[in-house]
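Numbering-wise, this note's numbering puts 281 at position 272 of the sequence shown, and it's gapless, one number per residue.
Note that beta-carbon positions come from the ideal geometry of N, C-alpha and C, so glycine has one too.
Bear in mind that the values here come from a model prediction, so they are computed numbers and not experimental data.
Worksheet: the structure to be examined is printed underneath.
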Amino acid sequence: MLGLTQFVFTTACACHDVSKANEWAMFFEYGDKDLLRDVFVGFESLRNSVTLIGDYLDQWIALRIQAALPLSPPEIDEYRMTWVCIGVDSDIIDAICEQLQLRFVDGRLLVCETSFAAEEDLFSRIRGIMLTAFSFRRFSETRWASVGSSAQGVVAGLMLGLSDLVQYILNDPASSKYFLRGWSRLSGDRLEFVVVQSLVTRVSDGLLLELMKDSRVLLREDELQDVIQDELSWLSSLPLSVYSCFGGLVELSGQALRHRCIRAGLVIKAFVQFRIFDCTKQLPYCMARGDRAELRQNLDMLRAGRRHHGAAGGTQGRHS
10 MLGLTQFVFT TACACHDVSK ANEWAMFFEY GDKDLLRDVF VGFESLRNSV TLIGDYLDQW
70 IALRIQAALP LSPPEIDEYR MTWVCIGVDS DIIDAICEQL QLRFVDGRLL VCETSFAAEE
130 DLFSRIRGIM LTAFSFRRFS ETRWASVGSS AQGVVAGLML GLSDLVQYIL NDPASSKYFL
190 RGWSRLSGDR LEFVVVQSLV TRVSDGLLLE LMKDSRVLLR EDELQDVIQD ELSWLSSLPL
250 SVYSCFGGLV ELSGQALRHR CIRAGLVIKA FVQFRIFDCT KQLPYCMARG DRAELRQNLD
310 MLRAGRRHHG AAGGTQGRHS
């Protein structure tokens with residue numbers, strides 16, 4: 010008798026569907042099947058060259074460092090926002106944006122003149138900050154959940170002059186180029202992909218984090234819908250100046266970058282809506298929704314053998 014009171018259904022994994030949504034969004038923008046392979050090679054070249062980069066970092070800093078006038082409070086707030094966007098730890102953000110005001114502009118590594126004069130061991134501190142910011146994480150071509158965090162680490166490096174540093178190393182005839190030459194794969198639309206992904210990943214990551222805490226989609230549907238909408242609102246509310254800062258890394262206007270990021274975010278939302286949330290309105294999952302009157306209607310519909318209008322065309326329920 011107990012078996013008659015229970016319904017058991019097998020469903021797809023909601024977390025995998027969210028990861029797939031990110032993949033669809035990015036391939037909607039960059040329909041190149043070889044793109045991710047080039048990005049993967051570029052990232053791995055950096056990961057395998059961390060020791061080499063560290064060996065050259067001190068001399069590169071010495072050649073590029075320059076004291077600069079302090080940023081104004083509004084400029085500091087805007088600069089801080091760009092670092093928050095790519096998920097850097099707050100302690101590193103404080104050091105970069107407020108204490109040192111460290112940034113790479115027109116081939117120079119600029120440091121606030123106040124810190125330039127007051128710091129006793131300035132080079133060592135800059136080195137430590139940069140190596141921490143250069144977070145070259147591994148990602149898998151088949152697991153898109155890790156692509157965003159990997160892209161954010163590379164974008165953090167670009168903001169502190171990573172491209173110039175890599176080129177400086179490659180220009181040295183004595184340097185080992187076995188791994189680092191793979192960096193050349195990250196150019197043009199490949200590098201643009203990395204910048205867009207570093208921002209758009211927040212839409213899918215926010216939903217993934219909630220699902221990993223509690224994956225009961227039927228119970229938390231409204232809450233999960235709010236999460237993805239909040240992340241989209243955040244993406245669309247970023248100032249154009251922030252998009253321009255990131256766009257400058259890849260010779261893309263702030264308006265163009267904003268358009269691509271928001272469009273990719275909307276594709277993620279639409280994919281999640283189709284693969285996850287729409288399924289909750291179909292039999293048998295809709296039977297677990299609503300108040301007592303709605304549940305009675307669901308039972309009547311099931312008894313009559315009718316299908317919910319959203320189930321037409323062979324769409325299958327997926328999530329419980």
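- Residue range 82–94 is occupied by the alpha helix (DSSP H) that includes R89.
- A residue is called buried once 16 or more other Cβ atoms fall within 10 Å of its Cβ, and Y39 is buried on that count.
- Shown here, L111 sits in coil according to DSSP, grouped into three states, outside any helix or strand.
- Excluding residues up to 5 positions away in sequence, W69 lie with their Cβ nearer than 6 Å to the Cβ of Y177 in the same chain.
- Pairing V251 with A34 gives a Cβ-Cβ distance that is not under 7 Å.
- Under the DSSP definition of a beta bridge, I74 partners with L118.
- In this structure, L266 keeps its C-beta atom at 7 Å or more from the C-beta atom of G274.
- Going by DSSP, S196 is part of no alpha helix (DSSP H) at all; its letter is neither H nor E.
- The alpha-carbon separation between S155 and N307 amounts to approximately 40 Å.
- Note on the region 234–307: whole alpha helix (DSSP H) runs with a minimum of 4 residues are 249–256, 263–281, in chain order.
- When DSSP states are grouped into helix, strand and coil, Y187 belongs to the coil group.
- N31 is positioned such that its CB atom lies no closer than 7 Å to that of F188.
- For I62 and K278, the gap between their C-alpha atoms comes out near 39 Å.
- Out of G116, V48, G137, V97, the CA that lies nearest to the CA of D64 is found in G137.
- For F49, the enclosing alpha helix (DSSP H) stretches over residues 44–56.
- Of the candidates A126, L78, R147, L78 places its Cα closest to the Cα of V114.
- Boundaries of the alpha helix (DSSP H) harbouring F36: 23–38, taken from the DSSP string.
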